[in-house]
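Residue numbers (UniProt numbering): 1 to 1061.
Written out as structure tokens, the structure reads:
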């Protein structure tokens, strides 16, 4: 950098330039400098921790200017993730005079990092010229002013600690910075030092470099034993493993320069999982990497001779996964590559092969927009359709695109032909032998069905290829030939361009009954030039043809603006109140489903699948897009990556994902729940869900007992069964299902849906033992010591079943029931199998019913009472009524919105009685006796809530002269639950916390209890919660039993970890 800067410095100073802008290259969340030069355009999976930080640039620039005695003639401005006062102080101490900021002020103005700036579809109205969207802009100058004042205040505080009065007094004064005290490394080799200084989250790189240390430290002229000259490495990779392989390549280049590993030495790497950003960046010659899974952005960035192959997991392919219809890598792959080979069995996203100058790449299923942009060398073979603006600025290299519509088809319109010509391929073409050879190599390496089909029909398939030939490159070749310089178009065994290996990028797309058409040979086709390629906003980005003819061409890009949310998810009220069937209008929802999926904006930061949204980390934008493209099978596979029981959550989950939807900031959220339910139902209808198709491991011989068959227990059983363990589910009631069977009414979850899933689990080998408390009340008959003796591990999924009671006068009266008991009895009535062990069967026929509590359980009681023929129905809530709109101060997005809602039960009561059943700010003081031991009414009083400004706590005060009597014949207590029933917990000697409201685990993230081999999951571990939280917890048991696990965690990611015994 010193040499380069001296050259710039001499010219700049001689021309009297006043300001130098130093921008770092540490990418983070999408702003300039250290956070990505395209600002909000960078995707959420953009590169991070790559390149040089601005701290190095500003320090070296300042030092050189001082040394040249020209520091006073220029101002140094630094840019890149300057967000806090500390950032400003550090930059000033290193020599910066000015500080540029973009990300933080944008966020202050309301930017949510959608990464859609270039599409004119910014949903908060910042980066758009659309008047409809601009009207949504809510930013104010005062917001930025306040932020800068707070920033300046923090800077002032740091300056006071340094004893400085002005910022100018500390510019360049590095003596205020503390020296880093490295560990004692005198006795370490260079490779040992490198491993020592790697960050703790680079464990994968550390293990690989240690394994390869012998061949890295042995000089090139020293020959090695053939066995020792090859290093093999296998592991699991996760998306937190960023820039894998780049440190290894650094070690290779430091030892052997840019030549890579010496001849005869090789490092073979096999990985499984989802690789993080910058996978195999700058990979050196002699390193071969095979990944079974997928990868994020910047795959093989700066590839320097290495060889990378990425294919879908074998198990996924065996299930019929269509790799050519799904993305396998993210954006900006092969950026700036100079040498090497990249094989992709799947689609690549945008800006593929940009600035490639020597690498060869084959992509099975097409690429996104701006492919091969500014390419100067190498070869790309793309066996599918491309996006827009292909080959813009391409001055060298070759691209072979497979598109059976020919040059006159969509590719001819999408390709930017300012610098390139399009030529149809034939068997007589000079490059045909090489193209066939590279596809053969690609097919053998990846097992691609697309490649195999092309090779089997080569004589006709070659006519579907379009050669993208840069004019300047062609002119240079003609000139070379005229000067009698032999141009070898590459032999059939290897590819060489400018002495560098090159890889083609294939593109593939075809119908099931596709037959290639003969194309007329032309050397140049005139196509109307497009100045702004983004004008093609109506093109369909899908490389998968729709499976059915659509009555309407939908606009995915602007769908969130053009289409309204479909709000009628239920059947008509007057129809559904007369039956016990599900309230959902499944057929009506499906008719609007593609249009609703088009509303998904594919956010750069998908909050719907973040910690505030879906606890499972469902890949919501993925399957929304697949549904929009009518690829239901792939959508089903994407859904199963994270959710064991989507048919349950699609019906009973309150959908926190929709509350966190970015569209919900200033509009109605996407109907995520409806889409999820439709995908699950479609999978069952089409027979895609079959027994024995999801095994991750063979039988282990380990036996696991799961106590409780609610959502957590069933999910845990399903996951551990996939891991190869022998699983037995123990249930105290006469049928399995727990909350799903006995706590949720049939109007929300048809029991046939539950029984269908249970039957599949039995077919998969999961055993069940139920009806185990016939003579023992609420205690499972199996003694705890017997459980510990019979099983290798026990998982307690007891739920939070102990209801909150109301201890007021008159509680002993007849006619007062817990809501869950009431719902369970209703289920038994519908099954025509009343349980003789329960003496009370509350019947609401012609009764006045009062429900205490307004949550989901209370709503279920309203709907059930109505169907049983109640004379009147009321709900009493102690809290005040929620506001009609979100309070941005108290309840900001993306938190769950505490707003007024009318659930299905409220609408049904309103239809029957002409009023909303809810009464707020009401406290029940006494249950009234009718004189014969039964309840006949409630004595209530109104309350008022006020907030303490200092503590933020709310206080309740009873209002005088507000006492009232509410007549009733039946009272249902739906006030929540306080924790699990404790009989088995005491028998096992488990520790509890929060007044026995949940079982205590070893730490906040653990599922292991205080007793060895006993684990806990679901509500009995975390307290009363949602079904989706219960499904999310099952993984640690497999980790304990086997020492490692292949079970995916949140978001479907498999993490590499070992259990600490």
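Yeah, the Cβ is synthetic: ideal placement off N, Cα and C, and Gly gets one too.
Every value quoted in this text rests on a predicted model; they were computed, and no experiment measured them.
Keeping to the same chain, check which residues put their C-beta closer than 7 Å to that of residue i; ignore five residues upstream and five downstream.
i           : result
residue 443 : 451, 452, 455
residue 989 : 1011
Count the other CB atoms within 10 Å of the CB of residue i; is the residue buried (16 or more) or exposed (fewer)?
i           : result
residue 400 : buried
residue 954 : exposed
residue 482 : exposed
residue 595 : buried
residue 732 : buried
residue 606 : buried
residue 149 : exposed
residue 81  : buried
residue 299 : buried
residue 161 : exposed
residue 301 : buried
residue 998 : buried
residue 320 : exposed
residue 865 : buried
Does the distance from the C-beta atom of residue i to that of residue j stay below 8 Å?
i           : j           : result
residue 283 : residue 340 : yes
residue 672 : residue 627 : no
residue 925 : residue 808 : yes
residue 348 : residue 367 : yes
residue 345 : residue 446 : yes
residue 647 : residue 677 : yes
residue 397 : residue 356 : yes
residue 257 : residue 171 : no
residue 663 : residue 655 : no
residue 130 : residue 100 : no
residue 742 : residue 830 : no
residue 972 : residue 849 : yes
residue 738 : residue 708 : yes
residue 209 : residue 231 : no
residue 642 : residue 619 : yes
residue 85  : residue 155 : yes
residue 354 : residue 335 : yes
Sorry if obvious, but does the Cβ on residue i come closer than 7 Å to a heavy atom of the ligand ADP?
i           : result
residue 105 : What this structure holds is no ligand at all, so the ligand ADP is not there to describe.
Classify residue i as helix, strand or coil using the three-state DSSP reduction.
i            : result
residue 424  : strand
residue 328  : coil
residue 87   : helix
residue 470  : strand
residue 941  : strand
residue 453  : helix
residue 712  : helix
residue 891  : coil
residue 1048 : coil
residue 375  : coil
residue 962  : coil
residue 222  : coil
residue 351  : coil
residue 1042 : helix
residue 878  : coil
residue 57   : helix
residue 720  : helix
residue 837  : Below a pLDDT of 50, predicted positions are generally treated as unreliable, and residue 837, at 37, falls in that range; the measurement from the model is reported next regardless. Three-state DSSP puts residue 837 in coil, outside helix and strand.
residue 955  : strand
Given residue i, which residues of its chain have a CB within under 6 Å of its CB, disregarding the five upstream and five downstream residues?
i            : result
residue 943  : 921, 923, 956, 958
residue 1013 : 793
residue 517  : Note that residue 517 scores a pLDDT of 31, beneath 50, so its modelled location is shaky; the value from the coordinates is reported in the next line. Cβ within range, chain order: n/a, list empty.
Given residue i, which residues of its chain have a CB within under 8 Å of its CB, disregarding the five upstream and five downstream residues?
i           : result
residue 886 : 892, 893, 897, 898, 899
residue 790 : 703, 705
Is residue i close to chain D, meaning its C-beta is less than 8 Å from at least one C-beta of that chain?
i           : result
residue 978 : Included in the structure is just one protein chain, with no chain D present.
Completely contained beta strand (DSSP E) runs for the segment 734-809, where each covers 3 or more residues: Segments of the beta strand (DSSP E) lying fully in the segment 734-809: 767-769, 793-796.
In chain order, each alpha helix (DSSP H) run of at least 4 residues that lies wholly inside the UniProt domain "Dihydroprymidine dehydrogenase" (578-687): 586-591, 593-598, 620-628, 632-640, 646-652, 656-659, 672-686
3-residue-minimum beta strand (DSSP E) runs that sit fully inside the segment 67-130, ordered along the chain: 75-79, 98-100
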